[in-house]
Each structure stands twice: as C-alpha cells, then as structure tokens.
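In what follows, a single structure is set out as structure tokens and then discussed.
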Amino acid sequence: NIEAIAQEGTKRNSRNGKLSADEGRAASIPQYFAMSIGDWESEDFQNPPKGNFKRPTTSYDLAEFGALLGYSGTKMASIMVETVGAIKNALKKAIDLTEAQGIEDREREHIELCVSLIQTECEYLLSQADGVPEMSELL
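Here you go:
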C-alpha cells in the first residue's frame, strides 16, 4: 500500500500541473486502499472471510503450513521471526520513500494507519510463532 502511494504520487506529479491530494486520490488510489484497510473484525469481513482480512492465522495454521513445506515447527517459527523482522526493517525505508514524494497530511494520516496495522499484525504473528513448535507436534 505504501509503495502504491509512492507510485501514484510520482504518476500524479508527472502530469501537466500537480493534482491536489484529493484529486489524485479520486483519480487512482482508491483501488489500492479498498483491499488494504477495512473493518476486518466486522461480521461482513469475517463471515465468510474476504480478501486479505482472513483472520486469525494461528500457531496451528503456521505449523501446518510449515509441515506442507517440509519444515519442522522450530524452523517455521524461526522463519516467521525472520520474516517479521524483514517487514519491520523494510517498513521504515518504505515510509521514507513515500515521505520523499511530498505527501500531504491526509495521505500521511493514512500511511500512519497502514503502519499501525502492519505493526499490529507483525506483533500478532510473532506471538503465534512462539506456539508453532508445540503445534507442529499435534499435526
């Protein structure tokens, strides 16, 4: 989503004359936002789960996925920790690249919301990674 904002900002600003944030958003960005933020805890999103809002991913789900790939529970937990670490490291760079596009306050607020969601999901996955070795023994 952050990368989409940066790309759309570049596209908007390369046109003859700059568009305001509202004009640019109306022209192109909503297609990206529609699948990235929503009330994923509401029944509308969860029954049945839709898009990328399918939750929760449990320790058991991660253990089962790891087993399909041939990984032990310990290896899968380690992969999850590494993956979350990579996401957190890349997040700062993505934010910096987006800020360099000259975004406006409304866009910044949206990015802060996206970052908050990403960080929350990362912490959730880390908490689930702790239980993967135990769950893999139950498969």
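Numbering (this note's numbering), first residue to last: 672 to 810. Yeah, the Cβ is synthetic: ideal placement off N, Cα and C, and Gly gets one too. Keep in mind that this is a model prediction, so the values were computed, not measured.
Own chain, CB closer than 6 Å to Glu-794, minus 5 neighbours either side, in chain order: none
At a cut of 8 Å, does the segment 788 to 808 reach the segment 731 to 741 through at least three beta carbon pairs? When Cβ pairs closer than 8 Å are counted between the two stretches, the segment 788 to 808 is seen to touch the segment 731 to 741, the count reaching three or more.
Against chain C, with Cβ distances strictly below 9 Å, would Glu-792 count as a contact? This model lacks chain C altogether; it includes just one protein chain.
From Glu-780, Gln-772, Leu-788 and Met-751, pick the residue whose C-alpha is nearest to that of Asp-801; which is it? It is Met-751.
Distance check for Leu-740 and Pro-804, CA to CA, integer angstroms please. Straight-line Cα distance between these residues: approximately 15 Å.
Chain-order list of residues whose beta-carbon lies under 8 Å from that of Lys-759 (same chain, five-residue window excluded): Gln-790 and Cys-793
Within this structure, are the beta carbons of Leu-797 and Val-755 separated by less than 9 Å? yes
To the nearest angstrom, how far is it from the Cα of Val-786 to the Cα of Thr-729? 22 Å
From which residue to which residue does the alpha helix (DSSP H) around Ser-787 run? 776 to 800
Residue ranges of each alpha helix (DSSP H) within the segment 729 to 781, 4 or longer: 730 to 740 and 744 to 770
Where does Pro-727 sit, in a helix, a strand or coil, going by DSSP? Coil.
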